[in-house]
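See structure below.
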Amino acid sequence: MQWSPAAAEWPFTLESQLHGSYLMAAASDSYTGKEIYQNEQAVRDGNLITANGAGYLEFTREVLAALDAYPADYIENNYQFFKLGYIEF
Numbered sequence: 894m895q896w897s898p899a900a901a902e903w904p905f906t907l908e909s910q911l912h913g914s915y916l917m918a919a920a921s922d923s924y925t926g927k928e929i930y931q932n933e934q935a936v937r938d939g940n941l942i943t944a945n946g947a948g949y950l951e952f953t954r955e956v957l958a959a960l961d962a963y964p965a966d967y968i969e970n971n972y973q974f975f976k977l978g979y980i981e982f
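894 is the number of the first residue of the sequence shown in my numbering; add one for each residue after it.
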């Protein structure tokens, strides 16, 4: 499935979709998405992928999975290699 802005539901709001970030502590009182906030490096909810600043590997893994760019086990094995720095057998 190819993603396009026309096919997405706009606007994306963090108050209505699962999301993550490292800014939760700085969220204002008007932020209403606290109940669906996920304390994860990267979170995918449909076509929306969010990540904190240190979650670049997890973000990349989620993007590749969302695009169905490679088989899931290939994506996961490469993620584990770059996360750990070695291959576990």
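The beta-carbon is built from N, C-alpha and C at its ideal position, and this holds for glycine as well.
Note that the coordinates shown come from a computational prediction; the quantities given were computed from them, not determined experimentally.
When we look at the beta-carbon of residue i and count the other beta-carbons within 10 Å, is it buried (16 or more) or exposed?
i           : result
residue 947 : exposed
residue 980 : exposed
residue 982 : exposed
residue 951 : buried
By DSSP's criteria, residue i is part of a beta bridge. Which residues make up the other side?
i           : result
residue 942 : 937
Specify the secondary structure class of residue i as computed by DSSP and reduced to three states.
i           : result
residue 963 : coil
residue 978 : coil
residue 969 : helix
residue 947 : coil
residue 953 : helix
Assuming residue i and residue j make a contact with CB atoms under 8 Å, what is their CB distance in whole Å?
i           : j           : result
residue 936 : residue 943 : 5 Å
residue 972 : residue 954 : 4 Å
residue 934 : residue 945 : 6 Å
residue 965 : residue 958 : 7 Å
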